[in-house]
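Engineer:
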Amino acid sequence: MKQVFSLIEKSWSGSSVQFAWQKTLGNFLAVTGGDRTVSIFDRHGQKRNEITLPGNCVTLDWDKDGDTLAIITDKSSAIYLWDANTNKTSQLDSGMRDAMSFLLWSRVGTLLAVGTTKGNLLIYNRQTSRKIPVLGKHTKRITCGCWSTENLLALGGEDKMITISNQEGDTIRQTSVNSEPSDMQFSVMKTDERVSTRESTVSVVVGKKTLFLFNLNDPDNPIDLKFQQSYGSIVTYRWYGDGYIMIGFSRGCFVVISTHIREIGQEIFQAHNHKDNLTSIAISQSLNKAASCGDNCIKIHDLSDLREMYAIINLDDENKGVEQLAWTDDGQLLAVSTRRASLHVFLTKLPILGDACSTRIAYLTSLLEVTIANHVERELPVTVSVEVEPSFVAIGVYHLAVGMNNRAWFYALGENNVKKLKDVEYLGTVANMHLNSDYAAALFEGKVQLHMIESEGLDAQEERETRLFPADDDKCRILCHALTGDFLIYSTDTGVIRYFYIEDWQYVNEYRHPVSVRKIFPDPNGTRLAFIDEKSDAFVYCPVSDRLYEIPNFSPTIKGILWENWPMDKGVFVAYDDDKAYTYVFHKDAIQGSKIILAGGTDVPFSHKPLLLYNGELTCQTQSGKTNNIYLSTHSFLGNLKDFGPNELAEMLTQTLMLKRFSEAWEICRLLNDPSGWNELAKACLYHMEVDFAIRVYRTFGNAGMVMSLEQIKGIEDHNLLAGHLAMFTGDFNLAQDLYLASSRPIAALEMRKDLQHWDSALQLAKRLAPNQIPFISKEYAMQLEFTGDYINALAHYEKGITGDNKYQEHDEACLAGIAQMSIRMGDIRRGVNQAIKHPSRLLKRDCGTILESMKQFSEAAQLYEKGQYYDKAASVYIRCKNWAKVGELLCHVSSPKIHLQYAKAKEADGSYKEAVMAYENAKQWDSVIRLYLDHLNNPEKAVNIVRETQSLDGAKMVARFFLKLGDYGSAIQFLVMSKCNNEAFTLAQQHNKMEIYADIISSESTSNEDYQSIALYFEGEKKHFQAGKFFLLCGQYARALKHFLKSPSTEDNLSIEMAIETVSNFVTTTTTKSHLFKRFIFSIVAFS
-17 MKQVFSLIEK SWSGSSVQFA WQKTLGNFLA VTGGDRTVSI FDRHGQKRNE
33 ITLPGNCVTL DWDKDGDTLA IITDKSSAIY LWDANTNKTS QLDSGMRDAM
83 SFLLWSRVGT LLAVGTTKGN LLIYNRQTSR KIPVLGKHTK RITCGCWSTE
133 NLLALGGEDK MITISNQEGD TIRQTSVNSE PSDMQFSVMK TDERVSTRES
183 TVSVVVGKKT LFLFNLNDPD NPIDLKFQQS YGSIVTYRWY GDGYIMIGFS
233 RGCFVVISTH IREIGQEIFQ AHNHKDNLTS IAISQSLNKA ASCGDNCIKI
283 HDLSDLREMY AIINLDDENK GVEQLAWTDD GQLLAVSTRR ASLHVFLTKL
333 PILGDACSTR IAYLTSLLEV TIANHVEREL PVTVSVEVEP SFVAIGVYHL
383 AVGMNNRAWF YALGENNVKK LKDVEYLGTV ANMHLNSDYA AALFEGKVQL
433 HMIESEGLDA QEERETRLFP ADDDKCRILC HALTGDFLIY STDTGVIRYF
483 YIEDWQYVNE YRHPVSVRKI FPDPNGTRLA FIDEKSDAFV YCPVSDRLYE
533 IPNFSPTIKG ILWENWPMDK GVFVAYDDDK AYTYVFHKDA IQGSKIILAG
583 GTDVPFSHKP LLLYNGELTC QTQSGKTNNI YLSTHSFLGN LKDFGPNELA
633 EMLTQTLMLK RFSEAWEICR LLNDPSGWNE LAKACLYHME VDFAIRVYRT
683 FGNAGMVMSL EQIKGIEDHN LLAGHLAMFT GDFNLAQDLY LASSRPIAAL
733 EMRKDLQHWD SALQLAKRLA PNQIPFISKE YAMQLEFTGD YINALAHYEK
783 GITGDNKYQE HDEACLAGIA QMSIRMGDIR RGVNQAIKHP SRLLKRDCGT
833 ILESMKQFSE AAQLYEKGQY YDKAASVYIR CKNWAKVGEL LCHVSSPKIH
883 LQYAKAKEAD GSYKEAVMAY ENAKQWDSVI RLYLDHLNNP EKAVNIVRET
933 QSLDGAKMVA RFFLKLGDYG SAIQFLVMSK CNNEAFTLAQ QHNKMEIYAD
983 IISSESTSNE DYQSIALYFE GEKKHFQAGK FFLLCGQYAR ALKHFLKSPS
1033 TEDNLSIEMA IETVSNFVTT TTTKSHLFKR FIFSIVAFS
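Counting from -17, one number per residue, gives the positions in the sequence shown under the working numbering.
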């Protein structure tokens, strides 16, 4: 906290100092001691007046507007009134005979309440000069009181009574307390459902020990709050916020309580701020701060978080301690009186006045001090003492201007010093001022005066020294203005923005907006102008192209706009309000055209006003007269990238791409090492038409196709043509078409649509750009429509595609083919068939035939198939329409067995068995051939031969049944075995005693053991031992086989003995057990011999 001034008067020594700030404005401070005078000081410590009194001042108070100071003394019944506007003092006779003890102005009106030592009351209306004396309001001295916002007057006196009176002096409420009241205040208690905001509660300190709360709406239930004895006595208290009370105690602590009925009596917060004693507390609602004083220091807390100590002011010279504390209503100045009879004033909130020119800033650091700094260029700050407390500050390349009302002081900025140049008076109160290297532009009362700052010694033409805008004949008011190195720019209430070129001393540009423009903010060069209109909409205007771009998502609370001063980020600006700064980027050279995007928002600390933006760093001025730098959240990538993880780096990559910071994006992609990151960077480069950088990126992650494509177009100078190519690469084909058409080579739009097979668009373009390509595009479009099923339009476009030029015969044939197919699909079968027959293409005939076949137009389909030499298809379709004659004609060309089979079945049904047999043979249907030979052609030999050749099982069964009917059981058994019907063959052999034949047949076939066993058992039952042994041997039953071989009668060739030996041999090779069989065999041989 900066000390503004101190007051020490010898005449005050030995007495207590009283003081009071002028209400509302805070421009004056009234101070009195024990010297029978009241001194009036201004806010800079200069004495403006001194009021001599007949006695010591009892109390003094300012009215609600700060226009009149009222004073009462102990030696006079007169009331002294000092007028702040006229600087004159007057006396008002109270008419009271007793000494006065109390004085207080109304908070909402012109009423003044004066109390006396005998309890009498005077209410004086300054506006009407009416006096209302009220005798006997109290029986003893009136010591304290307060006004409510409804002009109710509460008074307390030594008679231990509290009275509530209306503005006429009538008592409407009264109550007694048990000790002397002091420090009385009106306020609103905190409730769950507040019906109104009327001040219905009177609070008063009783006996320095308790806080008494008297509710006018509930007078029978007052609340008496007591506190811990360790706190000491109550010194003072203040209401604030939503029904909270801060109470200061004599032993150095203060306590915060709530007046909510559920919380009453509970301490919300408690702090021991001072070691020995606390003498006063003060609260500034505008600052949202609370201050306490005690010992020899002042401590300031933030009301939003009382635990946070905002500042500590030590008064080391005040060893006797401090007494009273008071803030101005605006919170700018804090005054404290001491027991040494001195008074100190500190600056707690400075008017936030500042300006910037390029990277140099000027800002108010005290009420009469301006500091010039350039943190970017690392220049040392320069402090300039000014003569008046300024209401505006302007900084230029070589000058500083400060001023108030209609006057401005100019200073020349040297390398190490600042020299005052001159002061200038204007024709009205200056609202704002801007400087450049040579000129100053002041805005006052709807006009702007442009004048040279230093005209002496310069060879300037007289008419170029100064000019007033607008001209006399221009009936408009200027609302805002700006000054760049080359232009004076201003806007009017009629919505006109004008550029005045200082070099040529004439207007060079004018833009008319539909509504008035409230604020304008040019970039450093003046080539882009951001402005806010009366609807709180914002735009960027480019005077070079006379184009206007709306700023999206623009908050109506925005206070101002700052353009980026870093030369590499010319399109970046921030729009700020009290809480946030929003980063916007103006994308000038983008394939979609110039546009503005919102990149993000950054929280702005309380009471920070942005002055300068440089490379993502926002320099802000604070209430304390200092600057603070904030880094925009959209520029977080400016730190050390290696300290961040992949997720943070991915977010930073998005930021860099929005801000067109491609070099930083490259480093982020290199750290991420992710193909998707490189791809995003490459696409952003294409979007912003940074072709060379895009080539570099695509080459890095190996996209050779894009590198080659970009290399081919990078030399194109036509902006729209280049943008069209890039839009096509990014997949925005509609935009690419628009850009191509606006370029010097519009045919590129048609080429693109053809490459993309967007035939509809291509056809529309061809009508304008290349009519000779319409037939070829029509054909392609027709093919696409045919594929999607739009046959009507496909036919129309096929017809449009015919050129009739022999050079394009192949193309015309394709169109004719399309006409044929579409005609058929549309139901014009005759036209389609004739067209297809005339057409030389076999494929067309096949395709048309397929279409006709799907439409069940079999006759025409077969005709086309036949013409196209698709005989199988033709025969198939002829069969479907029962045209057997045509099928027979085509049969020699048909290779499909299926068709032959269908024809054979048809001939068999007609009784043409020979033709049917030939067709079945061509179809390889041997069973049907065998069946016809046996059943209809009576040619069993042919059937038997076919069965033997084809080994057909079903054919064998048919032959077997044929021989069975003839009684040829042997042949029947043979073909039953051939057809794998062994059980039927066995049964047949058994029934007709043909087992030997069956056995001979079965032994030559690959037969299962079960079949051999069945035969063996049969021969065993017939006592045919040799045959039984033989088949038991085949099925592996060696014991039974040997038994039957030994029973078999001997023959000359001893065949049974040989079979018995073979049985034993097989048995020995398969098992080593049951050797009794072998022994038995040996004994049998011996017995036989």
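The beta carbon of each residue, even a glycine, is placed where N, CA and C say it ideally should be.
All figures in this text were calculated on a predicted structure; none of them were measured in a lab.
Considering only their Cβ atoms, is the gap separating A66 from F23 smaller than 8 angstroms?
Structural biologist: Taking 8 angstroms as the Cβ cut-off, F23 and A66 do not qualify as a contacting pair.
Engineer: Find out if the Cβ-Cβ distance for the pair K(-16), L329 is shorter than 8 angstroms.
Structural biologist: Yes, they are a contact pair.
Engineer: Excluding the 5 residues flanking E249 on each side, which residues of the same chain have their C-beta closer than 8 angstroms to its C-beta?
Structural biologist: V237, V238, I239, listed in sequence order.
Engineer: Among the residues of its own chain, which have a CB less than 8 angstroms from the CB of R89, if the five just before and after it don't count?
Structural biologist: Hits under 8 angstroms: K46, W129, S130, T131.
Engineer: Closer than 6 angstroms by C-beta to A557: which residues in its own chain qualify, once you throw out the five before and the five after it? Chain order, please.
Structural biologist: The answer, listed in chain order, is I540, I543, Y564.
Engineer: Ordered along the chain, which non-local residues of its own chain (more than five positions away) have a Cβ less than 7 angstroms from that of E369?
Structural biologist: Correct list, in chain order: W391.
Engineer: For H254, count the other beta carbons within 10 Å of its own beta carbon; 16 or more makes it buried, fewer makes it exposed. Which is it?
Structural biologist: Exposed: under 16 other Cβ atoms inside 10 Å.
Engineer: Quickly, what does DSSP pair E492 with across the bridge? List them, please.
Structural biologist: R480, per the DSSP bridge assignment.
Engineer: Specify, as a first and last residue, the run of the beta strand (DSSP E) that Q306 falls within.
Structural biologist: First-last of the beta strand (DSSP E) with Q306: 304 to 309.
Engineer: Expressed to the nearest angstrom, what Euclidean distance is found between the alpha-carbon atoms of Q839 and I806?
Structural biologist: About 10 angstroms.
Engineer: I'd like to confirm the pairing. Which residues does DSSP put opposite W129 in its beta bridges?
Structural biologist: The partner list for W129 (beta bridge, DSSP) reads L135.
Engineer: Around the C-beta of E1034, are 16 or more other C-beta atoms found within 10 angstroms, so that it is buried, or is it exposed?
Structural biologist: Only weak support is given to the placement of E1034: the predicted model assigns it a pLDDT of 49, under 50, and the value that follows is read from those uncertain coordinates. Burial call: exposed.
Engineer: Do you know offhand how far V318's Cα is from N535's?
Structural biologist: Near 47 angstroms, if we compare the C-alpha coordinates of N535 and V318.
Engineer: I'd like to confirm the pairing. Which residues does DSSP put opposite K404 in its beta bridges?
Structural biologist: F392, per the DSSP bridge assignment.
Engineer: Give me the Cα-Cα distance between K624 and L653, rounded to the nearest whole angstrom.
Structural biologist: C-alpha separation (whole angstroms): 8 angstroms.
Engineer: Taking 8 angstroms as the cut-off, decide whether the C-beta atoms of V364 and G336 are in contact.
Structural biologist: No, the Cβ-Cβ distance between V364 and G336 is not below 8 angstroms.
Engineer: For G276, I'd like the list of residues in its chain whose CB is within less than 6 angstroms of its CB, leaving aside the five on either flank, ordered along the chain.
Structural biologist: If we look at G276 and ignore the five residues flanking it on each side, its Cβ neighbours are G234, H256, N259, L260, T261.
Engineer: Helix, strand or coil: how does DSSP classify W64 here?
Structural biologist: Correct three-state label for W64: strand.
Engineer: Within its chain, find whatever has a CB closer than 6 angstroms to the CB of L(-11); leave out the 5 residues flanking it on each side and keep chain order.
Structural biologist: Result list for L(-11): L325, in chain order.
Engineer: Following the continuous alpha helix (DSSP H) through C235, name the residue where it begins and the one where it ends.
Structural biologist: Premise fails: C235 lies in the beta strand (DSSP E), 235 to 240, not in any alpha helix (DSSP H).
Engineer: So, are the CB atoms of L35 and A52 less than 8 angstroms apart?
Structural biologist: No. Outside cutoff.
Engineer: So, does the region 583 to 591 touch the region 601 to 620, judging by three or more C-beta pairs under 8 angstroms?
Structural biologist: A contact exists between the region 583 to 591 and the region 601 to 620.
Engineer: Thinking V222 and Q267 are a contact (beta carbons under 8 angstroms), I'd like their distance in whole angstroms, please.
Structural biologist: It is worth fixing the name first, because residue 222 is Tyr in this sequence and not Val. About 7 angstroms; that satisfies the 8 angstroms criterion.
Engineer: Taking the alpha carbon of I377 as the point to measure from, which residue in N301, T92, N414 has its own alpha carbon closest?
Structural biologist: The option with the nearest alpha carbon to I377 is N414.
Engineer: Can you tell me whether DSSP reads D24 as helix, strand or coil?
Structural biologist: Note: D24 maps to strand in three-state DSSP.
Engineer: What is the DSSP secondary structure of S97, counted as helix, strand or coil?
Structural biologist: Sequence inspection shows Gly at residue 97; the Ser mentioned does not correspond to that position. In the structure shown, G97 sits in a strand (DSSP, three-state: E or B).
Engineer: Jot down the residue ranges of each uninterrupted beta strand (DSSP E) in the region 307 to 349, minimum 3 residues, whole runs only, in chain order.
Structural biologist: Listed in chain order, they are 315 to 320, 324 to 329, 336 to 339, 342 to 348.
Engineer: Within 10 Å of its beta-carbon, does L409 have 16 or more other beta-carbons around it, so buried, or fewer, so exposed?
Structural biologist: So L409 ends up on the exposed side.
Engineer: Apply the 10 Å Cβ neighbour rule to R494 and answer buried if 16 or more other Cβ atoms are within range, or exposed otherwise.
Structural biologist: Exposed.
Engineer: If you draw a straight line from the alpha carbon of E361 to that of C339, how long is it in whole angstroms?
Structural biologist: Taking the straight line from one Cα to the other gives about 14 angstroms.
Engineer: Pick out whichever of I280, R25, C279, L269 has its Cα sitting closest to the Cα of S286.
Structural biologist: Closest by alpha carbon: L269.
Engineer: Quick check on the burial criterion: 16 or more other C-beta atoms within 10 angstroms. Buried or exposed for A710?
Structural biologist: According to the sequence as given, residue 710 is Met; it is not Ala. Classification for M710: buried.
Engineer: Pick from I819, S83, Q149: whose alpha carbon is nearest that of R112?
Structural biologist: Minimum Cα distance to R112 is reached at Q149.
Engineer: What does the alpha-carbon distance come out to for the pair V400 and P372?
Structural biologist: Rounded to whole angstroms, V400 to P372 spans 17 angstroms at the Cα level.
Engineer: How many whole angstroms separate the CB atoms of E1137 and I677, which I take to be in contact at a CB cut-off of 8 angstroms?
Structural biologist: What is shown of the chain runs -17 to 1071, which leaves residue 1137 out entirely.
Engineer: Report buried or exposed for G230, applying the criterion of at least 16 other Cβ atoms within 10 angstroms of its Cβ.
Structural biologist: So G230 ends up on the buried side.
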